[in-house]
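Worksheet: one structure, shown below.
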Amino acid sequence: MRHSLRKNKTSRYSKLKKIVHNSKKIKCVTRFGKNIGNLEDVPAYSNCNNSFESNLNNFISYKNKNVFSGMQWQCVEYARRYLINKLGVTFSSVDGAEDVFDLKTVESIQNGKKYKFKKYKNKLNCKRKNNMPKVNDVIIWARNKDDTPYGHIAVILKIEGDQLFIGEQNWSNDAWTSSSSPPYSYSRILTFKTYNNKCLIIDGNYKILGWKRAMVENVEE
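Numbering of the sequence shown is given in UniProt numbering, commencing with residue 1 and proceeding in unit increments.
The structure is reproduced here in structure tokens:
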């Protein structure tokens, strides 16, 4: 659920080997780095447990460029890697997942062009159709000192009626849910409600700030 800052990569592989070797000692939910779900060719990986911090940076190849995606395997890393792979944009480093909600722009990997990173607050006015959540939007949770001290972020992978199928890392760190065999295609289902012309995404007792949309040229506003 935490951010990731860029650091020297020289010892990342030896650190990773040590982390994987010690996964049982650390009391991981699932082995660190285990593939726990996959949709649209953007896999999610186990972070061991939701309080663990690997301090290992992850880089991915995108159109012959080596691109920073975040700290392995935090929730912010998955969201950033998803946007890189699906929309070709990235967002800047943050102190915690909640802080993504206040970012103004995303940036093209190819040419550095900036696009609006539009904010939709939970309980906003739903009269406009474009205010409704869409696939590829990211959902932002508020900081919670007990469970989500940095906040949380997930991606909307599919929408069916009032159900939002989301993808995420470092929530339960267990295998994603699906009626089919692995790789599992979504992490959880959140409920989307409208009342008195207000839009609301519900996740039990966890506070959702709202959702963000990268307003790139191939995404309708």
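Here a beta-carbon is modelled for each residue, glycine too, at the ideal position from N, C-alpha and C.
Legend entry - Contacts around Val155, its chain only, beta-carbon distance under 6 Å, and the 5 residues preceding and following it disregarded: On the sequence shown, residue 155 is found 155 positions in, with the first residue counted as 1. The residues are Ala79, Tyr82, Val138, Gly167.
Inset, instruction - Would you kindly work out how many angstroms separate the C-alpha atoms of Gly33 and Asp174, rounded to a whole number? - result: One-based indexing of the sequence shown puts residue 33 at position 33. One-based indexing of the sequence shown puts residue 174 at position 174. Approximately 12 Å, taken between the alpha carbons.
Inset, instruction - Pull up the distance between the alpha-carbon of Gly204 and that of Trp176, whole angstroms please. - result: Position 204 of the sequence shown, counted from the start, is the residue given in the question as residue 204. Position 176 of the sequence shown, counted from the start, is the residue given in the question as residue 176. Roughly 19 Å separates the two Cα atoms.
Legend entry - Contacts around Phe52, its chain only, beta-carbon distance under 7 Å, and the 5 residues preceding and following it disregarded: The count along the sequence shown starts at 1 and reaches residue 52 at position 52. The answer, listed in chain order, is Ile26.
Legend entry - Extent of the continuous alpha helix (DSSP H) to which Cys75 belongs: Here residue 75 refers to the residue found at position 75 of the sequence shown. From DSSP, the alpha helix (DSSP H) with Cys75 extends over 75 to 87.
Inset, instruction - Report the rounded CA-to-CA distance for Ser54 versus Trp73, giving the unit in angstroms. - result: Taking the sequence shown and counting its residues from 1, one reaches residue 54 at position 54. Taking the sequence shown and counting its residues from 1, one reaches residue 73 at position 73. One C-alpha to the other measures close to 8 Å.
Inset, instruction - Taking only the alpha-carbon atoms, compute the straight-line gap between Tyr115 and Phe101 and give it to the nearest angstrom. - result: In the sequence shown, counting from the first residue as 1, residue 115 sits at position 115. In the sequence shown, counting from the first residue as 1, residue 101 sits at position 101. Answer to the nearest angstrom: the Cα atoms are 15 Å apart.
Inset, instruction - Identify whether Lys198 lies in helix, strand or coil by the three-state DSSP scheme. - result: By 1-based counting over the sequence shown, the position of residue 198 is 198. Strand, per DSSP.
Inset, instruction - Report yes if the CB atom of Asp146 is closer than 8 Å to the CB atom of Thr191, and no otherwise. - result: Start at 1 with the first residue of the sequence shown, and residue 146 comes out as number 146. Start at 1 with the first residue of the sequence shown, and residue 191 comes out as number 191. Against a cut-off of 8 Å, the Cβ pair of Thr191 and Asp146 comes out as no contact.
Legend entry - Segments assigned alpha helix (DSSP H), at least 4 residues, entirely inside the UniProt domain "Peptidase C51" (50 to 197): 75 to 87
Legend entry - Cβ neighbour criterion (16 or more within 10 Å) applied to Lys129: Taking the sequence shown and counting its residues from 1, the one referred to as residue 129 is at position 129. Result: exposed.
Legend entry - Paired residues, beta bridge with Tyr45 - DSSP: Residue 45 sits at position 45 when you count from the first residue of the sequence shown. Answer by DSSP bridge pairing, in chain order: Asn35.
Inset, instruction - Quick one: give me the first and last residue of the beta strand (DSSP E) that Lys212 is part of. - result: Here residue 212 is taken as the residue at index 212 of the sequence shown, counted from 1. Lys212 -> beta strand (DSSP E) spans 208 to 214.
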